[in-house]
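Dropping the structure here:
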C-alpha cells in the first residue's frame, strides 16, 4: 500500500512540474502579446519571475520528503531572483523619477 501511494505521489509530482512549465509558457506568451515598450518589457519580466515564484512555492510546499527537496531549493533561488528583479525595477523607477525635471 505504501509503495503504491509513493508511485501515485511521483506521478502527481511529474504532472505538477509539467503544469508549472506549461503555465510559465502561457504567461510568457500572454505578456508578450502586442507592442511593448522597453519599460513594459521589464515589467513583464518581473511578472514572469513573480509567476515562477508563486508556482514553485505551490510545488515546494505541497510535496514533502527527501525526493522533493530540489523543489524547495528551486523555490528559494527563484524567490531571490524575483526579489532582486523587483528591487532593480523599483530602483530604476526611483532613478527615473529623480531625473525627471
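In the working numbering, the protein residues as written are -12 to 88.
Note that beta-carbon positions come from the ideal geometry of N, C-alpha and C, so glycine has one too.
Everything numeric in this text was worked out from a predicted model, so none of it was measured.
{"query": "Cβ of residue 65 within 8 Å of Cβ of residue 33?", "result": "no"}
{"query": "Measure how close the beta-carbons of residue 61 and residue 42 come, nearest whole angstrom, since I'm counting them as under 8 Å.", "result": "Their Cβ separation, rounded to whole angstroms, is 10 Å, which puts residue 61 and residue 42 out of contact at 8 Å."}
{"query": "Please report the straight-line C-alpha distance between residue 53 and residue 59, rounded to a whole angstrom.", "result": "10 Å"}
{"query": "Buried or exposed for residue 79, please, with buried defined as at least 16 other CB atoms from any protein chain shown within 10 angstroms of its CB.", "result": "exposed"}
{"query": "Smallest Cα separation from residue 0: which of 18, -11, 37 and 46?", "result": "46"}
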